Amino acid sequence: MDLIKKIAELNHYKSDLSGKDFLLTWEKSDDDLKVVLQVASILKEMRKENISPRIFDSGLAISNFRDKSTRTRFSFASAANLLGLAVQELDEEKSQISHGETVRETANMISFLSDFIGIRDDMFLGEGNKYMRQVGEALDEGFTKGVLPVRPGIVNLQCDMDHPTQSMADLLHLANEYGSLDALRGKKIVMSWAYSPSYGKPLSVPQGIIALMTRFGMNVELAYPEGYDLIPEIVEIARKNATQSGGSFKVSHSMTDAMRDADIVYPKSWAPFHIMQQRTQLLMNGDKNGLKELEQVCLANNAKYKDWEYNEQVRKVTRNSDALYMHCLPADISGESCIQGEVSKETFERYRIKTYQEAGFKPYIIAALMLTNRFQNPADILMKLIERNTPRVIK
Amino acid sequence: MDLIKKIAELNHYKSDLSGKDFLLTWEKSDDDLKVVLQVASILKEMRKENISPRIFDSGLAISNFRDKSTRTRFSFASAANLLGLAVQELDEEKSQISHGETVRETANMISFLSDFIGIRDDMFLGEGNKYMRQVGEALDEGFTKGVLPVRPGIVNLQCDMDHPTQSMADLLHLANEYGSLDALRGKKIVMSWAYSPSYGKPLSVPQGIIALMTRFGMNVELAYPEGYDLIPEIVEIARKNATQSGGSFKVSHSMTDAMRDADIVYPKSWAPFHIMQQRTQLLMNGDKNGLKELEQVCLANNAKYKDWEYNEQVRKVTRNSDALYMHCLPADISGESCIQGEVSKETFERYRIKTYQEAGFKPYIIAALMLTNRFQNPADILMKLIERNTPRVIK
Amino acid sequence: MDLIKKIAELNHYKSDLSGKDFLLTWEKSDDDLKVVLQVASILKEMRKENISPRIFDSGLAISNFRDKSTRTRFSFASAANLLGLAVQELDEEKSQISHGETVRETANMISFLSDFIGIRDDMFLGEGNKYMRQVGEALDEGFTKGVLPVRPGIVNLQCDMDHPTQSMADLLHLANEYGSLDALRGKKIVMSWAYSPSYGKPLSVPQGIIALMTRFGMNVELAYPEGYDLIPEIVEIARKNATQSGGSFKVSHSMTDAMRDADIVYPKSWAPFHIMQQRTQLLMNGDKNGLKELEQVCLANNAKYKDWEYNEQVRKVTRNSDALYMHCLPADISGESCIQGEVSKETFERYRIKTYQEAGFKPYIIAALMLTNRFQNPADILMKLIERNTPRVIK
Chain A
70 MDLIKKIAEL NHYKSDLSGK DFLLTWEKSD DDLKVVLQVA SILKEMRKEN ISPRIFDSGL
130 AISNFRDKST RTRFSFASAA NLLGLAVQEL DEEKSQISHG ETVRETANMI SFLSDFIGIR
190 DDMFLGEGNK YMRQVGEALD EGFTKGVLPV RPGIVNLQCD MDHPTQSMAD LLHLANEYGS
250 LDALRGKKIV MSWAYSPSYG KPLSVPQGII ALMTRFGMNV ELAYPEGYDL IPEIVEIARK
310 NATQSGGSFK VSHSMTDAMR DADIVYPKSW APFHIMQQRT QLLMNGDKNG LKELEQVCLA
370 NNAKYKDWEY NEQVRKVTRN SDALYMHCLP ADISGESCIQ GEVSKETFER YRIKTYQEAG
430 FKPYIIAALM LTNRFQNPAD ILMKLIERNT PRVIK
Chain B
70 MDLIKKIAEL NHYKSDLSGK DFLLTWEKSD DDLKVVLQVA SILKEMRKEN ISPRIFDSGL
130 AISNFRDKST RTRFSFASAA NLLGLAVQEL DEEKSQISHG ETVRETANMI SFLSDFIGIR
190 DDMFLGEGNK YMRQVGEALD EGFTKGVLPV RPGIVNLQCD MDHPTQSMAD LLHLANEYGS
250 LDALRGKKIV MSWAYSPSYG KPLSVPQGII ALMTRFGMNV ELAYPEGYDL IPEIVEIARK
310 NATQSGGSFK VSHSMTDAMR DADIVYPKSW APFHIMQQRT QLLMNGDKNG LKELEQVCLA
370 NNAKYKDWEY NEQVRKVTRN SDALYMHCLP ADISGESCIQ GEVSKETFER YRIKTYQEAG
430 FKPYIIAALM LTNRFQNPAD ILMKLIERNT PRVIK
Chain C
70 MDLIKKIAEL NHYKSDLSGK DFLLTWEKSD DDLKVVLQVA SILKEMRKEN ISPRIFDSGL
130 AISNFRDKST RTRFSFASAA NLLGLAVQEL DEEKSQISHG ETVRETANMI SFLSDFIGIR
190 DDMFLGEGNK YMRQVGEALD EGFTKGVLPV RPGIVNLQCD MDHPTQSMAD LLHLANEYGS
250 LDALRGKKIV MSWAYSPSYG KPLSVPQGII ALMTRFGMNV ELAYPEGYDL IPEIVEIARK
310 NATQSGGSFK VSHSMTDAMR DADIVYPKSW APFHIMQQRT QLLMNGDKNG LKELEQVCLA
370 NNAKYKDWEY NEQVRKVTRN SDALYMHCLP ADISGESCIQ GEVSKETFER YRIKTYQEAG
430 FKPYIIAALM LTNRFQNPAD ILMKLIERNT PRVIK
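Which chain is which? The protein sequence lines are A, B and C, in order. Our numbering numbers the first residue of the first sequence as 70 and each following residue consecutively. Our numbering numbers the first residue of the second sequence as 70 and each following residue consecutively. Our numbering numbers the first residue of the third sequence as 70 and each following residue consecutively.
Quick look at the structure:
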């Protein structure tokens, strides 16, 4: 069976993700990433073959969404359920957290019988990832000091720096489209800013994409209007990754020029780094007027770049006029979800189903992160599951 | 064992509900309906006998309540849980749906590992059922194009046209009260409007009742004050059903006259069809003043019919002064939940426990809809479950 | 194995908790309490040894939180999940309960396939416990009259009188700290009022503590500023318990004096009994101005007792300057969660991890309440689980 071959391949990698939180892709080795992709791929196939990968007889997966979410919320719920865990949401409004309770206390209080905590915290630059680490340290302490029977793993469901479950799902999608990770070598992928009528979109997706896609020999180009910079340290990481992997990394400032001969395009809006910094400051000061003013300034600035729309004209300059279009969804689609946005209706429609398939990898990426966090030897466990052969749906 | 006999009887019916959404009872054959009732009945007995009918080792059942719900919410959760699925609620406020995301996209995004989607959308005439079909088409596309590993079934948890899980539970209750479906032949059931101090109650229950109860040879009478019409096309369906089934269908305009010699009575308030049409228009236009005015007009109109209360006096004209009282609950009970309402306190109390029993069939109806949606041969699966004999609670 | 010995010990007790709600510790015999503690302890150890105590293949545990909760919410979810139940929340705002539906109706509507209902209702003096009993009577009726296949057990997750899952967890923590329940005999425990900048904290924790801790031969002292009385009937119960158990019970009015030579201290704020009575009245009358005034009066009164802070100075008068500090959490920590509060930062920090461990017993106490509510002979069931030896996490 193909599944068994895929499982055996896991042993070729030198990786141990067990007991370690998955917070930023650039903290993980290439082999770590390959193991996650392979495990995700195996779990997807097991599901198709009606083999249950349930590894937990009971246990909780806590979700803590500090920002809205549909895709990631359902992906997390699906992953937890697939492995046998029940999701319990930490709704900070229904809890006593507002009473000044410390992060380290809450982290322990929700974890007595929990196996994972998934966190989305992408609103404040410099805060989200920090918060996840605070939670992690609290869990370390609780586990070390006998408060917690196991150390729950943390899954980064989007922070201010990275959106690893998104970028890993995107990468698995690419590997599937091109046949393998190796086949991506030499491909040109353009992560481009695009116009949106909304404001304050997180930087984590473009940052996550450039930092991850530069690791597999691709030629990555980051395009945006002057001023729409990302966090400089992360751009630097992308640059280094490209050098190490034998690919390339380039920053430019014209969508159409960047898109020329692109194999893959990822046009998506984001807010400029320095605006997000100001916004964080204003939010923390509770300066509502300041925030309104900043929004107006920012929207007015965005409006100068309405021509940064991915459409039929731009598509024509890409490789064979048919670059693979990617998006984390929902996209701002001109004439559908807004008057003018990131992508024209016609162009989006050409690749719509592909974007759905792209999104479909996320539940398996999250499940793979959970499985590899829990077991030192994922291949062993997967083989046991294959041998156990419990059907997901009774036959 | 009685259970085995009941399961064997399933093979007498010519029905295949597998892979088809259950949106309106009048789209289903008599045998389809009989199979659902029989499976529901079997599942209820299995539960009593502590035999677990768990058919899923994992999987999600998505609930999308666009209106308030207690009974149906818990019934859906119970049914999903009984079969082994975890409920994940789609809370449109916590999601990014407000950002202009399309229905077809959301439908796919929540379905990567989902087996069922239960939807309540009963607020807008002409909208709820349409919405469910839109979701269904999106799921068809997603499944056909390889986005989804299975095509999740849709369960109509109340729309603008029908409330099939309610009417089917009501029918199973009647079959239990009278011993069988056949025993209902020739019985007189009155679906009557009743006064309520609230406004804008959906038409789906009375419509569902007249369209379903006319299919089994009952004499169905629909009574309401002039002007409180239901959707004409559905009244027409009831009329045709009655002719075909050898029963009768009649519309009249006096509660007391209608109730005379009734075996079964279902007094319940609803808003007039033409008011609901205006309301939908005003809601879509966001016309708040118009809505307030309409509410005043409607309440004033309702108030003319305060004497449409089911009470001891009216009960006395029914068969043996003891017609079986039905209600989908909660009822507006005079002197208990409101000053004056659909039913007097004394009369409701006589049949209160019966209405609870009536409601108790709903979880099993929903579970039966799920099971028959998933398996072409429910009898086979049920026999396997009996043979497996997993106890629901350890013994 | 140690587990088997512990299970065997259960047979020494004369107790039958099956089919009975656990609403107040003082309604239960000493043996009842000992069985709950022992079962909780066994379940905790089973979890550590990776033995799944799943007794339900399916079933719902309903939670009804009428007040905010983190710890208890997650404890209830953890306990339900550990035993195999899915949690379904009754969110009264998303339901039709506001429409005047009766408690007895709702209680039945949510219970068709439910095994437990956990209720927190601690806002109104004289109401919370009464509400739980109303629900219980409705469930009795539903079960007796064939509406419900099983009679769901009610778990008191905090009412106006008692907080039994908290006090039992606290007691199990003490038994663990001192080695056994017997070792607590003769120990001095001080339940002391402490200053808090917030107002209207429930009386249920101090009441639960004095009523429970007096049953095991401890010397219990209740200290509070004049006027901060608890419900007199419950104080009377504590007094009687102390006499019967061979311990002592004393009320006093100086924190420092009370703490002298204390083995265990529990400094925690609460509102005065007569204020809570007034508050209930004002809340029921919807008197918002009255409530604001009462809050001001109460806060001003609290402010007179800012010196009721547990800190290094007070700690020094306790036994060996090292009394075990307890709190139900979250504590109002001076200089951390508020300017001045119940405990100083330094002192809290000394015992912080201990308070986390204390909280960690609650999920197991709740699971033990569920298990003993369902089975007449818990030892039998636990032995079966040990023999079955299903791993919680695949090995």
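In this text, a Cβ means the ideal position worked out from N, Cα and C, and glycines have one as well. Predicted model only: the values in this text are computed from it and were never measured.
Can you name the residues of chain C whose CB is closer than 9 Å to the CB of Thr325(B)? Working through the second sequence from its first residue, we reach residue 325(B) at position 256. None at all; the shortest Cβ gap to chain C is about 26 Å.
Is Leu154(A) helix, strand or coil when you go by DSSP? Indexing the first sequence from 1 puts residue 154(A) at position 85. Here Leu154(A) sits in coil by DSSP.
Measure the Cβ-Cβ separation of Asp326(A) and Lys257(A) and say whether it is below 7 Å. In the first sequence, counting from the first residue as 1, residue 326(A) sits at position 257. In the first sequence, counting from the first residue as 1, residue 257(A) sits at position 188. Cβ atoms of Asp326(A) and Lys257(A): not closer than 7 Å.
Mind pulling the alpha helix (DSSP H) runs of 4 or more residues that sit fully within the stretch 85 to 169 of chain A? 99 to 117 and 140 to 152
To the nearest angstrom, how far is the alpha carbon of Arg189(B) from that of Asn133(B)? On the second sequence, position 120 is the one that residue 189(B) refers to. On the second sequence, position 64 is the one that residue 133(B) refers to. Spanning the two alpha carbons is a distance of roughly 6 Å.
In whole angstroms, give me the CA-to-CA distance for Thr416(C) and Pro218(C). For the purposes of this step, residue 416(C) is identified with residue 347 of the third sequence, where counting begins at 1. For the purposes of this step, residue 218(C) is identified with residue 149 of the third sequence, where counting begins at 1. Cα-Cα distance, rounded: 52 Å.
Looking only at its chain, what residues have a beta carbon closer than 6 Å to the beta carbon of Thr287(C), apart from the 5 residues adjacent to it on each side? Numbered from 1 along the third sequence, position 218 holds the residue referred to as residue 287(C). The sequence shown places Met at residue 287(C), rather than the Thr named in the question. So the qualifying residues of the chain are Leu253, Lys256, Ile258 and Gly316.
Start and end residues, beta strand (DSSP E) containing Ile188(A): By 1-based counting over the first sequence, the position of residue 188(A) is 119. Run containing Ile188(A): Ser183 to Arg189, per the beta strand (DSSP E) assignment.
Give a yes or no on whether 7 Å exceeds the smallest Cβ distance from Asp425(C) to chain A. Here residue 425(C) refers to the residue found at position 356 of the third sequence. The sequence given here places Tyr at residue 425(C); Asp does not occur at that position. It does; some Cβ of chain A falls within 7 Å.
Along chain C, which residues have their Cβ under 9 Å away from the Cβ of Lys117(B)? On the second sequence, residue 117(B) is found 48 positions in, with the first residue counted as 1. Within chain C, the residues near Lys117(B) are Pro218.
Output yes or no for whether 7 Å exceeds the beta carbon distance between Asn310(A) and Arg284(A). Counting from 1 along the first sequence, the entry for residue 310(A) is found at position 241. Counting from 1 along the first sequence, the entry for residue 284(A) is found at position 215. Cβ atoms of Asn310(A) and Arg284(A): closer than 7 Å.
Within 10 angstroms of the Cβ of Arg384(A), are there 16 or more other Cβ atoms? Answer buried if so, exposed if not. Looking up residue 384(A) in the first sequence gives position 315. So Arg384(A) counts as buried.
So with Cβ pairs under 7 Å, would you call Asp126(A) a contact of chain C? As a first step, residue 126(A) must be located in the first sequence, where it is residue number 57. Chain C contact via Cβ: present.
Run through DSSP, which three-state label would Phe285(A) get? For the purposes of this step, residue 285(A) is identified with residue 216 of the first sequence, where counting begins at 1. Three-state result, Phe285(A): helix.
Hey, which unbroken runs of the beta strand (DSSP E) at 3 residues or more fall wholly within the stretch 372 to 410 of chain A? none
Report the partner residues of Ala292(C) according to the DSSP bridge assignment. Counting from one through the third sequence, the residue named residue 292(C) turns up at place 223. Beta-bridge pairing links Ala292(C) to Ser261(C) and Ser321(C).
Can you tell me the Cβ-Cβ gap for Lys431(A) and Trp339(A), rounded? I've got them flagged as a contact below 8 Å. Reading the first sequence from its first residue, position 362 is the one you call residue 431(A). Reading the first sequence from its first residue, position 270 is the one you call residue 339(A). Not a contact, Cβ separation roughly 20 Å.
Nearest residue (CA-CA) to Lys337(C), options Ala149(C), Leu272(C) and Leu72(C): As a working mapping, residue 337(C) is identified with position 268 in the third sequence. Cα-wise, what sits closest to Lys337(C) is Leu272(C).
Ala307(A) to Leu281(A), Cα distance in whole Å? Here residue 307(A) corresponds to residue number 238 of the first sequence, with the count starting at 1. Here residue 281(A) corresponds to residue number 212 of the first sequence, with the count starting at 1. Near 7 Å, if we compare the C-alpha coordinates of Leu281(A) and Ala307(A).
Which residues does DSSP pair with Ser413(C) in a beta bridge? Here residue 413(C) refers to the residue found at position 344 of the third sequence. Paired residue(s): Ser403(C).
Roughly how many whole angstroms lie between the Cα atoms of Asp209(B) and Ile422(A)? As a first step, residue 209(B) must be located in the second sequence, where it is residue number 140. As a first step, residue 422(A) must be located in the first sequence, where it is residue number 353. When rounded, the distance between both Cα atoms is 12 Å.
Tell me the start and end of each unbroken beta strand (DSSP E) in the stretch 217 to 255 of chain B that is at least 3 residues and wholly inside, in chain order. 222 to 225
Would you decide whether Asp239(A) is buried or exposed? Buried here means 16 or more other CB atoms lie within 10 Å of its CB. For the purposes of this step, residue 239(A) is taken as residue 170 along the first sequence, with counting starting at 1. Answer is buried; the Cβ neighbour count reaches 16.
Under a CB-based cut-off of 7 Å, is Pro341(B) close to chain C? Counted from its first residue, the second sequence places residue 341(B) at position 272. So no, Pro341(B) is outside the interface.
Taking only beta carbons into account, state which residues of the stretch 223 to 253 of chain A come closer than 9 Å to chain C, listed in chain order. none
Would you call Asn442(C) buried or exposed, if buried means 16 or more other Cβ atoms sit within 10 Å of its Cβ? What you label residue 442(C) is simply residue 373 of the third sequence in a count that begins at 1. Asn442(C) comes out buried.
Taking the DSSP output, what are the residues bridged to Tyr335(C)? Here residue 335(C) corresponds to residue number 266 of the third sequence, with the count starting at 1. Tyr335(C) is bridged to Met260(C).
Span of the alpha helix (DSSP H), counted from its first residue to its last, around Asn354(B): Along the second sequence, one-based indexing puts residue 354(B) at 285. That run of the alpha helix (DSSP H) goes Phe342 to Asn354.
Contacting residues, own chain, Cβ-Cβ under 8 Å from Ile179(C) (five flanking each side not counted): As a first step, residue 179(C) is located in the third sequence; it is residue number 110 there, counting from the start. Cβ within range, chain order: Ile131, Gln157, Leu159 and Ile186.
Here's the rule I'm using: 16 or more other beta-carbon atoms within 10 Å means buried, otherwise exposed. How should Ala77(B) be labelled? Taking the first residue of the second sequence as 1, we reach residue 77(B) at position 8. Ala77(B) is exposed by the Cβ-count criterion.
Along the stretch 182 to 211 of chain C, what residues have a CB closer than 7 Å to any CB found in chain B? Leu182 and Gly211
Should Leu351(A) be flagged as near chain B, meaning a C-beta pair shorter than 7 Å? As a first step, residue 351(A) is located in the first sequence; it is residue number 282 there, counting from the start. No, no contact with chain B.
If I'm right that Phe444(B) touches Ser87(B) with Cβ under 8 Å, what's the distance once you round it to whole angstroms? As a working note, residue 444(B) is residue 375 in the second sequence. As a working note, residue 87(B) is residue 18 in the second sequence. With 8 Å as the limit, Phe444(B) and Ser87(B) qualify as a contact, their Cβ atoms being about 6 Å apart.
Selection from Val216(C), Thr139(C), Cys407(C) and Asp391(C) that minimises the alpha carbon distance to Leu226(C): Taking the third sequence and counting its residues from 1, the one referred to as residue 226(C) is at position 157. Cα-wise, what sits closest to Leu226(C) is Thr139(C).
To the nearest angstrom, how far is the alpha carbon of Lys113(A) from that of Gly359(A)? Counted from its first residue, the first sequence places residue 113(A) at position 44. Counted from its first residue, the first sequence places residue 359(A) at position 290. Going from the Cα of Lys113(A) to the Cα of Gly359(A) covers about 47 Å.
Which residues bound the alpha helix (DSSP H) around Ser314(C)? Position 245 of the third sequence holds residue 314(C). Its alpha helix (DSSP H) spans residues Pro301 to Ser314.
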